[in-house]
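Here is the structure we will look at.
Spelled out as structure tokens, the structure:
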């Protein structure tokens, strides 16, 4: 569907995206006070499927979900599942602002993978973005100090996994509608996590169920807010709005958990965001040769 361009509408939908992602970070950490990460992911997927059913019905029913690319869905969602497990686990080990700062290296890994497997060209600006992102990660992790937290490495591995997942989505979006991609994500991941969930199952408390429902709600519908924002503005306008998630998450971590980010994390996050901005720079148009009329 095509909508009239509106930066205001795009900003309103991105406000929904940012709000849901901030709530999910807090809800995920709180839920894992009494649940293991497998159980959290399993319940998130199962509840998300229930929440998605009205959207499936409005999109044309189960006929919309038919696919001939089940193997691609499975590959993409198993990788995404592993990355999401790491992301939730990292929330319990390091400040949430640091998790999100490292997560923003995802476009860098996507660019590298797209160049390797999809044949996309790495321009000078993309190369500079990759270098800035890698330097930003080194500044945050600071391997020379010997103070590397396992949570930092887990968050970095999750960002790489998210990057691979997005590169695989580029194949799926050529033939698959958004609702189908989200449905198969939830379905595949619910099957993948069933056995470990049953092995380490523990009944959540009433409060725990509340946090789980919040995670499922935010994790399922945040993607719709992003998709709706894309209807009203180009990606070069929409994606930079997501960069607000870094300072907003750091603020939430400070207000809710009294977490303070050191100067290295702030500097590293700034370098990563600068790299992302360079990565969003539109390609320069190629000069069109002018044919000079010849004199007879």
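Numbering (our numbering), first residue to last: 1 to 296. Beta carbons: idealized from backbone N, C-alpha and C, even for Gly.
Residue i: first and last residue of the uninterrupted alpha helix (DSSP H) it sits in
i	result
residue 204	Here residue 204 belongs to no alpha helix (DSSP H), and DSSP marks it neither H nor E.
residue 122	No alpha helix (DSSP H) holds residue 122; DSSP gives it neither H nor E.
residue 249	245-257
residue 103	96-103
residue 93	Careful: residue 93 lies outside any alpha helix (DSSP H) and carries neither H nor E.
residue 6	No alpha helix (DSSP H) holds residue 6; DSSP gives it neither H nor E.
Cut-off 6 Å between Cβ atoms - residues of its own chain near residue i, not counting five sequence neighbours on either side
i	result
residue 227	178
residue 216	44, 47 and 48
residue 81	189 and 192
residue 39	197
residue 17	222, 225 and 226
residue 296	Because the pLDDT at residue 296 is just 40, under 50, the model does not fix this residue reliably, and the value given afterwards should be weighed accordingly. No residues qualify anywhere along the chain.
residue 253	95, 96, 97 and 259
residue 267	139
residue 90	99, 151, 154 and 155
residue 69	none
residue 211	27, 30 and 31
Burial state of residue i (16 or more Cβ within 10 Å)
i	result
residue 13	buried
residue 121	exposed
residue 71	exposed
residue 60	exposed
residue 265	buried
residue 50	exposed
residue 10	buried
residue 150	exposed
residue 54	exposed
residue 257	exposed
residue 263	exposed
residue 2	Confidence is the limiting factor: at residue 2 the pLDDT is only 49, short of 50, which leaves the residue's position unreliable, though a coordinate-based value still follows. The residue is exposed, with fewer than 16 neighbouring Cβ atoms inside 10 Å.
residue 269	buried
residue 173	exposed
residue 62	exposed
residue 184	buried
residue 116	exposed
residue 102	buried
residue 195	exposed
residue 238	buried
residue 200	exposed
residue 132	buried
residue 5	exposed
residue 206	exposed
residue 273	buried
residue 105	buried
Neighbourhood of residue i by C-beta, 8 Å cutoff - its chain only, sequence neighbours within 5 removed
i	result
residue 86	154, 155, 157, 158 and 161
residue 92	29, 32 and 151
residue 56	62, 64, 65, 179 and 183
residue 24	214, 215, 218, 219 and 222
residue 297	In the structure as shown, the chain begins at 1 and stops at 296. Residue 297 is therefore absent and cannot be evaluated.
Short CB-CB distance (under 8 Å) between residue i and chain B
i	result
residue 260	This model lacks chain B altogether, as it is built from one protein chain only.
Own chain, CB closer than 7 Å to residue i, minus 5 neighbours either side, in chain order
i	result
residue 110	163, 166 and 167
residue 294	Note that residue 294 has pLDDT 48, beneath the 50 cutoff, so the model's placement of it is unreliable and the number below is only indicative. Once the five neighbours on either side are set aside, residue 294 has no close Cβ partner at all.
residue 8	none
residue 77	184, 185, 188 and 189
Those runs of the alpha helix (DSSP H) which lie wholly inside the stretch 11-74 and span at least 4 residues: 37-58
Entirely enclosed beta strand (DSSP E) segments - the stretch 210-239, minimum 3 residues: none
Whole alpha helix (DSSP H) elements within the stretch 138-208, 4-residue minimum: Entirely contained in the stretch 138-208, the alpha helix (DSSP H) runs reaching 4 residues are, in chain order, 150-172, 178-192 and 194-199.
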